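With full-length UniProt numbering, the residue at position 39 of the sequence shown is 39, and numbering never jumps. Quick reminder that beta carbons are idealized off the backbone N, C-alpha and C, glycines included. A quick note: this is a predicted structure, and the numbers were derived from the prediction, not measured. Since the structure comes first, as structure tokens, the remarks are kept for the end.
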Amino acid sequence: MKIDHLTLLVSSFANSNPYYETLLPLLGFAKKRNHVWTDGQGFFFQFRESQPGLPGYERYGAGMNHLGFSAPDVETVHSVKRTMADAGFVTPEVQTIGPITALFMKDPDGIRFEVSYTPPGFDPVD
Numbered sequence: 001m002k003i004d005h006l007t008l009l010v011s012s013f014a015n016s017n018p019y020y021e022t023l024l025p026l027l028g029f030a031k032k033r034n035h036v037w038t039d040g041q042g043f044f045f046q047f048r049e050s051q052p053g054l055p056g057y058e059r060y061g062a063g064m065n066h067l068g069f070s071a072p073d074v075e076t077v078h079s080v081k082r083t084m085a086d087a088g089f090v091t092p093e094v095q096t097i098g099p100i101t102a103l104f105m106k107d108p109d110g111i112r113f114e115v116s117y118t119p120p121g122f123d124p125v126d
């Protein structure tokens, strides 16, 4: 079986929509309807608003640490960084981690996204 969807809870559609409407097309996703995006190959992102007053995302708390996306080459990693920065989003420097070229960004709620190029013969995780 393969993963077919991921539901992310955001604190505010107003804060998060501009971020995801910029990022997701760069990662190969198209908007299917409000708050639902697809890669056209059976995988979907669904966004919902979280309940007020509940704790938010914690990078090192139990749960997800980050989402990683595979870029076809190093230039694509840099292109994603430029496009997100040009749209006004904070984009840290691209990192070289061994053979991997990686960009780690945070959405408005602090959820981390990685866009990285991993050369053939290497795994994207350690």
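By the C-beta criterion, the segment 32-51 is judged not to be in contact with the segment 74-81, since fewer than 3 inter-stretch pairs fall below 8 Å. Glu21 carries a helical assignment under DSSP once its states are collapsed to helix, strand and coil. Put simply, the backbone Cα of Leu8 is about 20 Å away from that of Leu103.
Between Thr22 and Ala85, the C-beta spacing is not below 7 Å.
Here DSSP, grouped into helix, strand and coil, assigns Thr118 to coil. By the CB criterion at 7 Å, Leu27 and Phe89 fall outside the cutoff.
Taken in chain order, the complete alpha helix (DSSP H) segments of 4 or more residues contained in the UniProt domain "VOC" (2-118) are 13-26 and 74-86. Taking the Cα positions, Thr96 is about 28 Å away from Phe45. For Val115 against Val80, the beta-carbon gap comes to about 5 Å, under 8 Å, which counts as contact.
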